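In order, the protein sequences belong to chains A and B.
Residues 0 to 99 in numbering that gives the first Met the number 0 are what the first sequence spells out, letter by letter.
Residues 0 to 201 in numbering that gives the first Met the number 0 are what the second sequence spells out, letter by letter.
For reference, the structure discussed in these notes is given below.
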Amino acid sequence: MAPNAYDKLKHSVRYFLLRRLPPCQQIVEQISDSMEHRLSLRERINLKLHLWICAWCQWYLEHLHLIRDAARSKGPDLTSGPSLSSEARERIKRATDINQ
Amino acid sequence: MEHRSPDKSPDCAAWLDDHGDYLFKYAVFRLRDQTAAEDVVQETFLAAIKAYANFQGRGSERTWLVGIMKHKIMDHFRRVTREAPVGEGADVEDGPEHAELFQASGQWTGHWDPNHAPTDWQSTPSELIERSDFWRVFSDCLSPLPQRTASVFTLREVDGLNSDEICAMLNISANNLWVMLHRARLHLRNCLELNWFKRPES
Numbered sequence: 000m001a002p003n004a005y006d007k008l009k010h011s012v013r014y015f016l017l018r019r020l021p022p023c024q025q026i027v028e029q030i031s032d033s034m035e036h037r038l039s040l041r042e043r044i045n046l047k048l049h050l051w052i053c054a055w056c057q058w059y060l061e062h063l064h065l066i067r068d069a070a071r072s073k074g075p076d077l078t079s080g081p082s083l084s085s086e087a088r089e090r091i092k093r094a095t096d097i098n099q
Numbered sequence: 000m001e002h003r004s005p006d007k008s009p010d011c012a013a014w015l016d017d018h019g020d021y022l023f024k025y026a027v028f029r030l031r032d033q034t035a036a037e038d039v040v041q042e043t044f045l046a047a048i049k050a051y052a053n054f055q056g057r058g059s060e061r062t063w064l065v066g067i068m069k070h071k072i073m074d075h076f077r078r079v080t081r082e083a084p085v086g087e088g089a090d091v092e093d094g095p096e097h098a099e100l101f102q103a104s105g106q107w108t109g110h111w112d113p114n115h116a117p118t119d120w121q122s123t124p125s126e127l128i129e130r131s132d133f134w135r136v137f138s139d140c141l142s143p144l145p146q147r148t149a150s151v152f153t154l155r156e157v158d159g160l161n162s163d164e165i166c167a168m169l170n171i172s173a174n175n176l177w178v179m180l181h182r183a184r185l186h187l188r189n190c191l192e193l194n195w196f197k198r199p200e201s
């Protein structure tokens, strides 16, 4: 097949699928769901086909996994952020003294 | 004050000095509420006093205390849920829906608006986590979300609790949880991208 005809065909298939498959707004919800439970066969097929032709949703999927992997790789940095106030310290001291 | 030998009786004052701030930050990060976090720290110490006989210096004190605190955090969510149940859809309706990220009209309705579509981050998880501002931006980005949505997201994606545990803890349906997680992910991903990867002019 001439490259030109191949490109045309690819374009038509892509266009056809984008018109027929659920739009990105629904797909991103399914991408999130796929991280929680097994999707139905129909959902899996739609998702696979959509991802095949949509770079934006591919990146979306990649980013969600990136965020999960990064967040689980190392606990939150607990050096910054708020500290216990002196009043709270006093209160805790009193409560634990009574119970000791 | 006389220093007490660690294997005789629990030294709560020392715990407070050595681990109080750490435990407090640990709880604030998950509960997103400083008053609730103070209570949870106190409950953790009270439980630790009772359980001290089982510990007796085996392993790190901080790890042991964090282990107790994880249970106290779950207890907190259970209690809050009993007092103010999450109505079907209550938290779900509140969070930002981010409909503006998608095209509202035209032949590509519901597809990404090109101005808000994801871009190539060209990052690995380790590159992300090595950013010095990772956790600050992560936490800041979660703050516009409803408190419970942000907490649920943290328990799921940072602590790795599974869906069943979270549903049981908050007494919500799996469907409700999935919508909350989806909203949180859509919002957080967009916020991280705006902070880290988007050129300021766009």
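Ideal Cβ positions, reconstructed from N, Cα and C, are used throughout, including at glycine.
On a predicted model such as this, the values are computed, not experimentally measured, just so you know.
So, for Val27/B: in the same chain, excluding its five sequence neighbours on each side, which residues have a beta-carbon less than 8 Å away from its beta-carbon? Within the second sequence, numbered from 1, the residue matching residue 27/B stands at position 28. For Val27/B, where only same-chain residues beyond five positions count, the Cβ hits under 8 Å are Gln33, Ala36.
Spatially closest choice to Arg67/A from Ser125/B, Gln121/B, Asn194/B, by CA coordinates: Taking the first sequence and counting its residues from 1, one reaches residue 67/A at position 68. For the residues Ser125/B, Gln121/B, Asn194/B, the minimum Cα distance to Arg67/A belongs to Ser125/B.
Considering Ile66/A, what are the terminal residues of the alpha helix (DSSP H) in which it resides? Position 67 of the first sequence, counted from the start, is the residue given in the question as residue 66/A. Ile66/A -> alpha helix (DSSP H) spans 54-72.
Would DSSP call Phe101/B helix, strand or coil? What you label residue 101/B is simply residue 102 of the second sequence in a count that begins at 1. Here Phe101/B sits in strand by DSSP.
Just checking: is the beta-carbon of Phe28/B within a distance shorter than 7 Å of some beta-carbon in chain A? Position 29 of the second sequence, counting from 1, holds the residue named residue 28/B. It does; some Cβ of chain A falls within 7 Å.
Return no unless some Cβ of chain A is closer than 7 Å to the Cβ of Val136/B. For the purposes of this step, residue 136/B is taken as the residue at position 137 of the second sequence. No - not a single Cβ of chain A is within 7 Å of the one on Val136/B.
Determine the extent of the alpha helix (DSSP H) in which Gln24/A is found, giving its start and end residues. Mapped onto the first sequence, residue 24/A falls at position 25. Taken as a continuous stretch (DSSP letters only), the alpha helix (DSSP H) holding Gln24/A covers 23-33.
Tell me which residues share the same chain as Met73/B and place their Cβ nearer than 7 Å to its Cβ, disregarding the 5 neighbours each side in the sequence. Here residue 73/B refers to the residue found at position 74 of the second sequence. Met168, listed in sequence order.
Indicate whether Lys71/A and Gly159/B have their beta-carbon atoms separated by less than 7 Å. Taking the first sequence and counting its residues from 1, the one referred to as residue 71/A is at position 72. Taking the second sequence and counting its residues from 1, the one referred to as residue 159/B is at position 160. First, the amino acid is wrong: residue 71/A is Arg here, not Lys. Taking 7 Å as the Cβ cut-off, Arg71/A and Gly159/B qualify as a contacting pair.
Counting only beta-carbon separations shorter than 7 Å, does Arg3/B have a partner in chain A? Taking the second sequence and counting its residues from 1, one reaches residue 3/B at position 4. Per-residue confidence for Arg3/B stands at a pLDDT of 45, beneath the threshold of 50, marking its modelled position as unreliable; the derived number appears in the next sentence. No, its Cβ sits nowhere closer than 7 Å to a Cβ of chain A.
Through-space distance from Ala94/A to Pro117/B, alpha-carbon basis: Indexing the second sequence from 1 puts residue 117/B at position 118. Indexing the first sequence from 1 puts residue 94/A at position 95. Taking the straight line from one Cα to the other gives about 50 Å.
Same chain, Cβ closer than 6 Å to His2/B, five either side skipped, listed in chain order: Taking the first residue of the second sequence as position 1, residue 2/B is located at position 3. In this predicted model, His2/B has a pLDDT of only 47, less than 50, meaning its place in the structure is not dependable enough to derive any value.
Inspect the CB distances between the region 141-157 of chain B and the region 56-65 of chain B and report whether three or more fall short of 8 Å. no
Nearest to Leu83/A (by Cα), restricted to the options Val39/B, Gly19/B, Arg184/B: Residue numbering aside, residue 83/A sits at position 84 when the first sequence is read from its first letter. Cα-wise, what sits closest to Leu83/A is Gly19/B.
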